[in-house]
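Beneath this line is the structure, given in structure tokens, with notes to follow.
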Amino acid sequence: MRSELFEQSNLEVQSQERFVLQNSQMLKVTVGPGQDVLATKGAMVAFQGQVRFDHEKTGSFAKLAKKIVSSEDTSLMRVSGQGEVFFADAAGYVYLLHLDNEGISINSRNLMAFDSALSWDINRVKGAGMAGGGVFNTTVTGSGPVAINVVGKPVVLDCSQQPTYVDVQAAVCWSSSLVPGINNTMNMKSMLRGGSGEAFQYAFHGPGFVVVQAYEWTGQAQSGGSGGGGGLIGDLFS
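The numbering used here puts the first residue of the sequence shown at 6, with every later residue one more than the last.
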């Protein structure tokens with residue numbers, strides 16, 4: 006059979022790396038003994054070999070409590086066994102971050118997969134009590150690869166030179182060294198006229214970066230990867 010479909014760019018990528026981009030919108034991860042991966046539920050699109058998928062418990066009551074009270078429903082599965090697993094989410098763009106004894110704060114809707122040797126937790130954004138969303142974020146720390154999924158082409162902003170303000174629903178991730186606040190641009194006159202729709206933003210300033218996507222999340226996550234209330238119920242009984 007002949008077809009452009011069988012061009013080299015569409016064939017499986019062979020690499021010695023465990024985490025590798027199959028293409029700009031798909032991630033390939035190799036799992037093996039002692040090499041488990043934690044991934045967002047629903048992000049798997051294909052796998053080869055003997056691979057197992059299990060619900061990943063939160064690991065502590067404190068973390069479970071934060072999942073229940075926050076909008077950050079980080080529903081993860083543990084991928085183990087022997088083989089290759091392919092991940093994608095709504096044709097979003099996938100980027101790999103390689104942590105070296107450091108951390109990053111990620112919107113759970115943008116989190117795709119990370120090495121199980123890394124630690125994760127849910128942390129509240131200080132000063133965000135009045136924001137309509139993005140009050141909690143998932144923090145991943147340690148040394149190892151992290152894959153994020155971004156809607157559209159992102160921009161990486163350096164926050165060290167001047168204050169940087171980002172819509173809470175467009176912020177993908179930021180350096181854990183940054184401590185964002187909440188900037189309120191709402192005023193009573195604007196509210197009476199219907200508002201601008203841009204009332205709250207994250208405020209960043211200091212050494213570090215923030216990644217912004219060309220899309221603002223609204224309501225519940227649109228993809229199967231971010232889950233819903235079922236993940237919380239599963240944690241209660243696991």
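We put the CB at the ideal spot given by N, CA and C, even for glycine. Because the structure is a prediction, the values reported are computed rather than measured.
- Message: Can you list, in chain order, the residues of its chain with a C-beta nearer than 6 Å to that of V184? Leave out the 5 residues immediately preceding and following it.
- Response: none
- Query: Can you tell me the Cα-Cα spacing of G186 and K62, whole angstroms?
  - Reply: 30 Å
- Classify Q27 as helix, strand or coil using the three-state DSSP reduction. If DSSP states are grouped into helix, strand and coil, Q27 belongs with the strands.
- Message: I'd like the list of long-range same chain contacts for L26, defined as Cβ closer than 7 Å, with 5 residues on each side in sequence excluded.
- Response: Cβ neighbours of L26 beyond the five flanking positions: L32, V99 and L101.
- Query: Per DSSP, C178 forms a beta bridge with which residues?
  - Reply: Under DSSP, C178 forms a beta bridge with I111 and V216.
- Item | Member of F58, I109 and S14 whose CA lies at the smallest distance from the CA of G88 | In terms of CA proximity to G88, F58 leads the group F58, I109 and S14.
- Query: Would DSSP call Q19 helix, strand or coil?
  - Reply: coil
- Task: In the DSSP assignment, find the beta strand (DSSP E) that holds A48 and state where it starts and stops.
- Result: Where A48 is concerned, there is no enclosing beta strand (DSSP E), because DSSP gives it neither an H nor an E.
- Alpha-carbon spacing of T169 relative to A152, whole angstroms: 24 Å
- Task: Using three-state DSSP, classify M135 as helix, strand or coil.
- Result: Any reading at M135 needs caution, since the residue's pLDDT is 47, under 50, leaving its predicted position unreliable; the model's value is listed next. Reduced to three states, the DSSP call for M135 is coil.
- Query: When we look at the beta-carbon of D94 and count the other beta-carbons within 10 Å, is it buried (16 or more) or exposed?
  - Reply: buried
- Query: How about the segment 123-130 and the segment 158-167: do they share at least three Cβ pairs that are nearer than 8 Å?
  - Reply: The segment 123-130 is not in contact with the segment 158-167.
- With T45 and L116 assumed to form a contact (beta carbons below 8 Å), what rounded beta-carbon distance in angstroms separates them? 6 Å
- Item | Buried versus exposed, by CB contacts within 10 Å (16 or more), L16 | exposed
- Item | Among S80, V50, L10 and N106, the one whose alpha carbon lies nearest that of F91 | V50
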